[in-house]
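Okay, so the sequence shown: first residue is 13 according to my numbering, each after it adds one. Each residue gets a CB set at the ideal place from its N, CA and C atoms; glycine is no exception.
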Amino acid sequence: MSFLPIANAYADTAGGSGGPEAMILQFLPLIIIFGIFYFLLIRPQSQKVKAQREMIAALAKGDEVITSGGLLGRIMQLNEEYLHLEIAEGIIVKIQRNAVSMVLPKGTLKKL
13 MSFLPIANAY ADTAGGSGGP EAMILQFLPL IIIFGIFYFL LIRPQSQKVK
63 AQREMIAALA KGDEVITSGG LLGRIMQLNE EYLHLEIAEG IIVKIQRNAV
113 SMVLPKGTLK KL
């Protein structure tokens, strides 16, 4: 049985690497895609979260709000974590501050 020698394989160095310019051109599509994701998805979402935090921090007694569960009511009492929401005459529920999804203009509940 005769064994044939295996030829060594060498990397081609003739024109494979063009230096840093070629590296930048290879990553350019990824950089562009990340930029598009940032401006279309990440940045608007972070602005929305910031606006929600500011709205929750600015809640005051007497504000009319809508909760994430769909309850409409007037804030009767509030502290750091919870608030008491009057949803009907004499009916008060205790909810978390983070459950408030929107502050309504004054007088909205009287119209309903």
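In the structure shown, Tyr-94 adopts extended strand secondary structure according to DSSP, grouped into three states.
Here DSSP, grouped into helix, strand and coil, assigns Gly-47 to helix. Taking a contact to require three or more Cβ pairs closer than 8 Å, the stretch 95-105 and the stretch 48-68 do not qualify as touching. Leu-121: member of the alpha helix (DSSP H) spanning 120-123, first to last residue.
The continuous beta strand (DSSP E) containing Ile-103 extends over residues 103-108.
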